[in-house]
Structure formats: structure tokens, C-alpha cells
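First up is the structure itself, then whatever we jot down about it.
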Amino acid sequence: MHARATKEGARDERTQEAVTTMRRFCSLLVCSVLFSAGHTLAAAPFLVKAGQAQSEIVISGSAAPIVRIAAQDLQGHILKMTGAVLPIVNAPSEGGNAQIYVGRSSHTDRLDVSVDDLRHGAYRMVSGPNWLVLIGRDREWAPGELMQLAVQKRAWVAPDEKTKYSHPLWQRWDALTGEHWGLPFSQLWKQYNKKLDLWEMDERGSLNAVAAFLRMHGVRWYMPGEIGTIIPPRKSIPLPTVDKIVRPDFEVRYPYLYTMRFASGGDNLMWQLHMGFSQAPDVVGEGYRGHGISHVIGREETKKAHPEFYALMGGKRITRDRFAKHGRPCLSSPALIEANVHFLRAMFDAFDLPMESVMPVDGFTSICQCELCKGKGQPERGWRGQFSNYVWNYCNEVAKGVYETHPDRALVGMGYTTYMEPPTNVETLSPNLIVCIAQHRSAFGQDPETCTYFRDLRTAWRAKMSAPGKNLYMYDYYRYAVPGKAHRYMPAFFPHAIADELRSLK
Numbered sequence: 434m435h436a437r438a439t440k441e442g443a444r445d446e447r448t449q450e451a452v453t454t455m456r457r458f459c460s461l462l463v464c465s466v467l468f469s470a471g472h473t474l475a476a477a478p479f480l481v482k483a484g485q486a487q488s489e490i491v492i493s494g495s496a497a498p499i500v501r502i503a504a505q506d507l508q509g510h511i512l513k514m515t516g517a518v519l520p521i522v523n524a525p526s527e528g529g530n531a532q533i534y535v536g537r538s539s540h541t542d543r544l545d546v547s548v549d550d551l552r553h554g555a556y557r558m559v560s561g562p563n564w565l566v567l568i569g570r571d572r573e574w575a576p577g578e579l580m581q582l583a584v585q586k587r588a589w590v591a592p593d594e595k596t597k598y599s600h601p602l603w604q605r606w607d608a609l610t611g612e613h614w615g616l617p618f619s620q621l622w623k624q625y626n627k628k629l630d631l632w633e634m635d636e637r638g639s640l641n642a643v644a645a646f647l648r649m650h651g652v653r654w655y656m657p658g659e660i661g662t663i664i665p666p667r668k669s670i671p672l673p674t675v676d677k678i679v680r681p682d683f684e685v686r687y688p689y690l691y692t693m694r695f696a697s698g699g700d701n702l703m704w705q706l707h708m709g710f711s712q713a714p715d716v717v718g719e720g721y722r723g724h725g726i727s728h729v730i731g732r733e734e735t736k737k738a739h740p741e742f743y744a745l746m747g748g749k750r751i752t753r754d755r756f757a758k759h760g761r762p763c764l765s766s767p768a769l770i771e772a773n774v775h776f777l778r779a780m781f782d783a784f785d786l787p788m789e790s791v792m793p794v795d796g797f798t799s800i801c802q803c804e805l806c807k808g809k810g811q812p813e814r815g816w817r818g819q820f821s822n823y824v825w826n827y828c829n830e831v832a833k834g835v836y837e838t839h840p841d842r843a844l845v846g847m848g849y850t851t852y853m854e855p856p857t858n859v860e861t862l863s864p865n866l867i868v869c870i871a872q873h874r875s876a877f878g879q880d881p882e883t884c885t886y887f888r889d890l891r892t893a894w895r896a897k898m899s900a901p902g903k904n905l906y907m908y909d910y911y912r913y914a915v916p917g918k919a920h921r922y923m924p925a926f927f928p929h930a931i932a933d934e935l936r937s938l939k
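Counting along the sequence shown from 1, when you hit position 2 you're at 435 in the working numbering, and nothing is skipped either side.
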């Protein structure tokens with residue numbers, strides 16, 4: 434018994450020694466890990482640490498206006514978040530600060546960060562040992578010579594016909610075409626913000642990268658102004674380890690904000706910039722993309738010279754009424770079809786546009802009563818289809834004429850009010866004819882049947898299209914009218930409807 438107890442005691446001693454040794458080893462291992470972690474934490478670069486700036490924002494000395502705005506936007510949000518002011522410089526300073534490169538510069542070229550393939554607002558976010566690059570393509574849209582004249586707001590859009598058509602733009606346009614046509618650029622001045630020197634058609638990839646970085650840290654812009662902006666407090670912002678390129682699912686991201694025009698600036702403009710909208714002028718062109726026929730029939734000279742262009746109602750050609758100051762077209766008129774083809778060819782040649790509108794004038798709630806138009810309405814199809822055959826046959830005939838000489842250019846027709854639905858008398862649309870469906874965003878969050886209707890409508894339209902990809906465009910109205918107040922709108926939020934729609938469209 435004693436020998437056994439002695440052996441067991443020796444074993445217990447050895448076990449205790451092993452446990453003690455293991456504890457010491459584990460303690461050393463834990464200390465080593467903690468020391469290593471503490472050392473790494475101390476050495477890891479920060480952009481802001483404990484409310485103190487540890488970095489600077491670097492932009493090119495010749496940066497585009499949008500890059501300067503992006504840098505200032507980043508600086509301002511970080512200040513509100515942390516209380517730290519990051520200086521904006523044109524070259525890295527000496528010392529231990531990290532650099533945040535915003536936009537392309539010789540410094541990003543040296544780091545071999547390219548922007549060549551970042552189209553339509555795509556951006557790249559990439560970091561290194563002591564730097565972060567927030568970059569995209571920041572191309573400035575440049576209007577051509579004739580379009581520069583169109584930007585001048587006053588004389589050429591003046592209500593006084595004599596003053597209006599004496600403007601150099603009109604004289605040049607009339608001399609170029611030999612006709613008396615309108616121009617689709619009357620709204621173009623609204624797309625330029627003079628204070629910031631920004632066009633709505635500019636590419637803004639670097640600002641999108643800055644906005645994405647701020648979103649990573651909890652910033653949100655739910656609506657214009659301070660009331661819709663969320664900036665969470667942060668004591669520190671570490672330098673992230675990141676290397677990603679984000680490309681848009683949709684080239685054109687341009688919701689129609691009814692009363693919030695780009696030229697007005699202020700909170701509305703900055704909110705639009707943060708949203709990452711893209712007008713994609715290389716895809717859809719510049720200017721207003723609706724009611725294109727009005728430019729063919731709107732001038733007084735045309736009304737006198739070509740009464741056959743206009744709808745016959747009650748025995749009278751309608752060259753003007755309270756709903757359509759440009760007049761109401763007769764869409765069966767061969768002469769009008771020929772004139773519209775001629776107009777579109779001139780637009781493509783003079784302005785090198787990728788797309789133009791072939792849409793009737795607004796308020797299209799009745800059709801011509803001439804012999805050529807008789808029986809072309811279809812009231813049995815309901816409000817959204819009653820004039821579809823009449824309107825879309827016209828659009829398709831014009832598109833076929835333009836396709837003969839300009840097969841690389843597109844025409845857009847709108848699915849709108851009384852011609853929302855596809856025609857039954859056109860089996861396949863001309864390859865250059867694109868369909869854009871007008872819809873009110875507010876309706877999608879209120880009625881599931883509306884969602885089903887429009888999704889079925891898209892399927893039906895795509896079955897009519899022959900163009901590669903069968904692309905559709907959605908013309909979303911973002912507005913909610915105040916009851917009893919014409920042209921007064923209040924904020925309206927549709928986050929669930931928007932999310933559901935984007936998934937469906939993608």
C-alpha cells in the first residue's frame with residue numbers, strides 16, 4: 434500500500450509539474466499574442482484616431498470640378514463624424530500621415546490604379562500600406578458649338594416669336610436644315626449648375642466612390658437637407674483593407690424629379706449627387722427625350738405651310754389648342770412621316786446624338802377625324818391601349834425611314850397614357866426603336882395589381898422588340914401632389930417599392 438501510494442504521489446507531482454509548465458507556456462503564448470496584437474494595433478494606419486486627423490486628402494492640381502466637390506464632401510462628412518479636419522492637398526506631405534487619393538492624379542497613376550473601364554459612374558476603392566484610393570471616371574460633358582448656344586436660356590426660348598427666332602441658334606438651325614423646326618434643347622439650361630460648374634451629364638465616378646466609403650461608416654442621405662441626412666459619430670476611422678470595383682447594373686439611372694432641377698443647386702443638388710444618378714448621355718443623348726413630334730410641327734411657319742400635318746377635328750385643322758400649343762398631329766399623314774424622318778436625320782447629323790424622341794405631343798386623348806385616320810382608334814382596349822395601334826404604327830414607320838440612313842442611332846417612343854400598351858398591328862418593331870414606359874413610382878407601393886400589370890407589360894413589349902438585348906427604359910415620376918395645390922409637391926418615400934422594382938428590373 435505504501436509503495437503504491439508513493440508511486441501515485443510521484444505521478445501526481447509529475448502531473449502538477451506538467452500542468453504548471455503548460456500554464457506558463459500558455460501565459461507566455463497569450464502575452465506574446467497580446468503584445469503582437471497591441472503592436473499591430475499601434476502600427477495600423479488610421480485616417481482619424483481619437484478625434485485627431487491621421488491622414489490627408491490628395492487630389493490633382495488640375496482636378497475636374499466634381500473631384501474637388503468629392504474631396505470637400507469627404508472632408509466635410511468626416512469633420513461632422515469625428516471632429517477632425519483632413520487637409521486637402523495636391524501632393525502627399527512628408528511625415529507619417531496616410532493619404533486618401535480622390536480622383537485620378539499622377540499619384541494614382543504611379544500606384545497603377547486605372548479608371549479607363551469605369552463607365553457610367555462605376556468606381557474603384559483600393560488601399561495599400563498607408564493609402565486609400567477612391568476613384569472613378571470623372572469626364573466633363575462638353576456641349577458642341579450649336580448646343581452651347583442652346584444653353585443660353587433667354588432669347589431663344591422667349592415667348593415673343595420675333596425675338597425668339599432672331600437668336601443666332603435659330604438662324605443657324607434654319608440655315609442648316611432649310612426648314613422651320615423646333616429644337617429639343619429648351620430645357621438644357623436647367624441641367625447646368627453655374628455655381629459648381631457642373632453638368633448633369635458629367636460622369637461622377639470618384640464622387641460615387643466617396644459616397645460609398647461614407648456609407649461604409651453609416652452615413653445615409655434619405656432626402657435633401659439636414660433632416661434627411663444621417664451622420665453617426667465616430668472617434669476613429671481606420672484605414673480599410675479593400676480592393677473592389679463596383680459597376681452599375683443600369684447604365685441610365687435618371688429618375689425624373691419633377692421640381693428638383695439640377696440648376697437650382699443647394700441641398701437638392703447634393704442629394705442627387707449622393708444618389709449616384711447617371712443620365713448616360715452616350716446612351717440616351719442630351720436634352721429632353723419626350724414629345725419629339727412637337728419639334729416637327731410646333732413652328733408657326735410649318736403650321737401655315739403644311740396644314741396636312743395636323744389633326745382634322747370638327748372640320749378644322751388643330752394647329753393649337755389649350756392642351757397642345759404645338760398642335761395635334763395627324764399620324765396617318767405620309768407628309769408628316771416624311772418630315773419627321775427628315776428632322777431626325779438632321780438632328781443626328783448636326784448634333785451627333787445617339788438617341789432622339791419620336792413621341793406624340795402631350796394630352797393625346799383623341800385622334801384625327803380625316804379619312805386616313807378613320808377607324809384607327811380602339812376604344813375596346815381601354816384607356817391604356819385605345820390609341821396604341823395608331824401611335825406605334827406611326828413611330829415604327831418613322832423608325833424604319835431613319836434606319837435606312839442611320840442604323841446606328843436609336844429612336845425612343847413612350848408607352849404613355851392612351852398608348853401605353855403594345856400595338857397589335859405591328860408584329861416586330863424596327864431594330865432602332867426603343868420603348869420607354871412611363872410610370873408613377875407612388876403607385877407601386879400602394880397596389881400589388883399595379884406591380885403585376887407593369888411587369889406583364891414589360892414582357893409584352895419585349896416580345897415586340899427586335900433590337901439586341903431588347904432594352905426597355907422606365908420613365909419614373911417621383912412626385913406626390915399636395916391635394917388641391919397644382920404643381921406643389923411633398924416628399925414621399927417608396928423604399929420597399931423601389932427595392933422590389935430594382936430586383937425585378939435587374
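In this text, a Cβ means the ideal position worked out from N, Cα and C, and glycines have one as well.
Who does residue i pair with in a DSSP beta bridge?
| i | result |
| --- | --- |
| lysine 482 | Gln485 |
| histidine 510 | Answer is none; histidine 510 lacks a bridge partner. |
| alanine 531 | Ser488 |
| glycine 848 | Ile870 |
| proline 403 | Nothing can be reported for residue 403: it is not among the residues displayed for the chain, which extend from 434 to 939. |
| serine 711 | Arg686 |
| glutamate 789 | Leu844 |
| arginine 750 | Leu745 |
| glycine 569 | Tyr556 |
| tyrosine 911 | Leu690 |
Quick one: residues in its chain with C-beta nearer than 8 angstroms to the C-beta of residue i, no 5 flanking neighbours on either side, listed in chain order?
| i | result |
| --- | --- |
| leucine 461 | Any reading at leucine 461 must be qualified, since the residue scores a pLDDT of 35, below 50, and its modelled position is unreliable; the value itself is stated next. Around leucine 461: no qualifying Cβ. |
| alanine 470 | Low confidence applies here, because alanine 470 scores a pLDDT of 33, under 50, leaving its location unreliable; read the following figure in that light. If we look at alanine 470 and ignore the five residues flanking it on each side, it has no Cβ neighbours. |
| tyrosine 625 | Val584, Leu631, Trp632, Glu633, Phe695, Ala696 |
| serine 560 | Val566, Leu672, Pro673, Thr674, Val675, Asp676 |
Using DSSP with H/G/I as helix, E/B as strand and the rest coil, what is residue i?
| i | result |
| --- | --- |
| isoleucine 730 | helix |
| leucine 905 | strand |
| alanine 503 | helix |
| glutamate 882 | helix |
| lysine 737 | helix |
| alanine 871 | strand |
| tryptophan 564 | strand |
| valine 794 | coil |
| methionine 898 | coil |
| valine 559 | strand |
| methionine 780 | helix |
| proline 762 | strand |
| lysine 623 | helix |
| valine 831 | helix |
| valine 522 | strand |
| asparagine 701 | helix |
| leucine 935 | helix |
| valine 774 | helix |
| methionine 853 | coil |
Among the options, which one has its Cα closest to the Cα of residue i?
| i | options | result |
| --- | --- | --- |
| glutamate 578 | Cys801, Gly878, Thr857, Ala783 | Ala783 |
| leucine 672 | Cys884, Gly902, Tyr534, Met853 | Tyr534 |
| arginine 570 | Ala772, Arg637, Leu890, Met514 | Arg637 |
| leucine 905 | Val716, Arg543, Trp622, Glu489 | Val716 |
| glutamine 508 | Leu769, Ala486, Pro525, Lys623 | Ala486 |
| lysine 627 | Gly699, Gly615, Arg648, Val566 | Gly699 |
| tryptophan 574 | Gly902, Pro498, Leu544 | Pro498 |
| glutamate 734 | Asn563, Gly494, Lys903, Trp614 | Trp614 |
| methionine 514 | Arg648, Asn773, Ser495 | Arg648 |
| glycine 941 | Val824, Val774, Thr752 | Absent from the structure is residue 941, since the part of the chain shown begins at 434 and ends at 939. |
| lysine 758 | Val824, His728, Leu745 | His728 |
| isoleucine 726 | Gln604, Gly748, Trp825 | Trp825 |
| arginine 767 | Ser790, Cys806, Gly747 | Before going on, a small fix: residue 767 reads as proline here, not arginine. Proline 767 has its Cα closest to that of Cys806, out of Ser790, Cys806, Gly747. |
Given residue i, which residues of its chain have a CB within under 7 angstroms of its CB, disregarding the five upstream and five downstream residues?
| i | result |
| --- | --- |
| glutamate 934 | Phe877 |
| threonine 838 | Arg778 |
| phenylalanine 820 | Phe797, Ile800, Gly810, Thr851, Tyr852 |
| asparagine 829 | Val859, Leu862, Ser863, Leu866 |
| threonine 857 | Asn822 |
| histidine 472 | The predicted model places histidine 472 with a pLDDT of 34, which falls under 50 and marks its position as unreliable, so this point remains unresolved. |
| alanine 496 | Gly536 |
Kindly list the residues whose CB is nearer than 6 angstroms to the CB of residue i, restricted to its own chain and excluding five residues on each side of it in sequence; keep chain order.
| i | result |
| --- | --- |
| phenylalanine 710 | Arg686, Tyr687 |
| valine 452 | Its pLDDT being 40, under 50, valine 452 is placed unreliably in this model, and the coordinates cannot settle the point. |
| methionine 940 | This structure gives no information on residue 940, because the portion of the chain shown stretches from 434 to 939. |
| methionine 708 | none |
| alanine 713 | His553, Glu684, Val685 |
| lysine 939 | Asp682 |
Compute every distance between the C-beta of residue i and the non-hydrogen atoms of the ligand MG, then say whether any falls below 8 angstroms.
| i | result |
| --- | --- |
| threonine 883 | Ligands in the displayed structure: none, and consequently the ligand MG is not present. |
Is the shortest distance between the beta-carbon of residue i and the beta-carbons of chain C less than 9 angstroms?
| i | result |
| --- | --- |
| serine 790 | Looking for chain C here will not work: only one protein chain is present. |
Contained alpha helix (DSSP H) runs [length at least 4] in the region 629-688, N- to C-terminal order: 638-649
Inside the region 801-827 only - alpha helix (DSSP H) runs reaching at least 4 residues: none
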